[in-house]
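Numbering (our numbering), first residue to last: 857 to 1010.
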């Protein structure tokens, strides 16, 4: 729950010309039933809006990583619905600002059914990403940065 305040504190102290990157952990997506989806999405988008406000106050560009899927054994239809609604909400937030961007990490590491691609987890029962996943995310992220943001400092 303190993630937005913590991020805002770091943003307030960041050097000029910093590009801020913010993402939530897969554990921040806790909806286990259809009744939980909206509350979970609203909570997480509230955190994001506070980070957006902090980056805007400093005049720093913000890149937001969207949801990270979980391994198959931890994925439910409500979780997938939460991820998709959160990702759509991020796009809506970013559309309101010239210097807020959404990095679509979800499409890089998610299979067609909303689970983490097999072989991307450190363990079949642990949704933390392994080195293979990070190599693919890095490649996509650096391409995203090159296409969307000017070089730092100008």
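We put the beta carbon where it would ideally sit given N, CA and C, even for glycine.
Measuring only the C-alpha atoms, how far is residue i from residue j?
| i | j | result |
| --- | --- | --- |
| residue 872 | residue 1007 | 13 Å |
| residue 999 | residue 890 | 36 Å |
| residue 949 | residue 908 | 9 Å |
| residue 936 | residue 1002 | 29 Å |
| residue 990 | residue 913 | 31 Å |
| residue 976 | residue 869 | 34 Å |
Going by CA-CA distance only, name the one from the options that's closest to residue i.
| i | options | result |
| --- | --- | --- |
| residue 874 | 988, 889, 955, 974 | 955 |
| residue 970 | 1003, 857, 859, 928 | 928 |
| residue 932 | 917, 987, 886, 985 | 886 |
| residue 930 | 982, 1005, 1000, 996 | 982 |
| residue 934 | 877, 888, 906 | 888 |
| residue 865 | 902, 900, 911, 893 | 911 |
| residue 896 | 990, 857, 967, 996 | 857 |
| residue 880 | 869, 989, 925, 870 | 925 |
| residue 862 | 984, 903, 943, 944 | 903 |
Within 10 angstroms of its Cβ, does residue i collect 16 or more other Cβ (buried), or is it exposed?
| i | result |
| --- | --- |
| residue 1005 | exposed |
| residue 986 | exposed |
| residue 878 | buried |
| residue 941 | buried |
| residue 953 | exposed |
| residue 919 | buried |
| residue 961 | buried |
| residue 944 | exposed |
Cβ of residue i within 7 Å of Cβ of residue j?
| i | j | result |
| --- | --- | --- |
| residue 921 | residue 882 | no |
| residue 972 | residue 965 | yes |
| residue 906 | residue 860 | yes |
| residue 916 | residue 876 | yes |
| residue 923 | residue 939 | yes |
Ignoring anything shorter than 4 residues or poking outside the stretch 939-998, list the alpha helix (DSSP H) runs there in chain order.
Taking only runs of at least 4 residues, the alpha helix (DSSP H) segments lying wholly in the stretch 939-998 are 961-965.
Give the list of continuous alpha helix (DSSP H) stretches no shorter than 4 residues that lie fully inside the stretch 911-935.
If we require 4 residues or more, the stretch 911-935 turns out to have no alpha helix (DSSP H) run fully inside it.
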